[in-house]
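The structure appears right after this line, and notes come after that.
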Amino acid sequence: WFEHPVQVEQDTFYTVSAVLDGSELSYFGQEGMTEVQCGKVTFQFQCSSDSTNGTGVQGGQIPELVFYA
């Protein structure tokens, strides 16, 4: 959650991460997509070398991105 929108640039890869607090199990998504197109905007997803828990494009903790163009 950001207090203010974050501007991203085209043709640039960013890493999105979540820090989970506590020892409780958490829900996660499966069957993630490597590319999503919405109008003239295309998002491409790839696994991050920063991942230390086996999550990635196919399954992980980031369920959605909210954006406006």
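Throughout, the numbering used here is defined as the position within the sequence shown, counted from one, plus 637. Backbone N, C-alpha and C define an ideal beta-carbon position, used for all residues, glycine too.
Nearest neighbour of residue i, chosen from the options [CA to CA]
{"i": "V653", "options": "G693, Y705, A706", "result": "G693"}
{"i": "A706", "options": "E646, F639, V656", "result": "E646"}
{"i": "Q683", "options": "T649, Q644, S663", "result": "T649"}
Residue i: first and last residue of the uninterrupted beta strand (DSSP E) it sits in
{"i": "V673", "result": "672-675"}
{"i": "V645", "result": "Unbroken run through V645: none, as it is neither H nor E."}
Counted within 10 angstroms of its Cβ, other Cβ atoms place residue i as buried (16 or more) or exposed
{"i": "G666", "result": "exposed"}
{"i": "G697", "result": "buried"}
Spatial distance of residue i from residue j (CA atoms)
{"i": "T689", "j": "T679", "result": "27 Å"}
{"i": "T671", "j": "I699", "result": "13 Å"}
{"i": "V673", "j": "L702", "result": "11 Å"}
In DSSP terms, what residue i is bridged to
{"i": "T679", "result": "Q674"}
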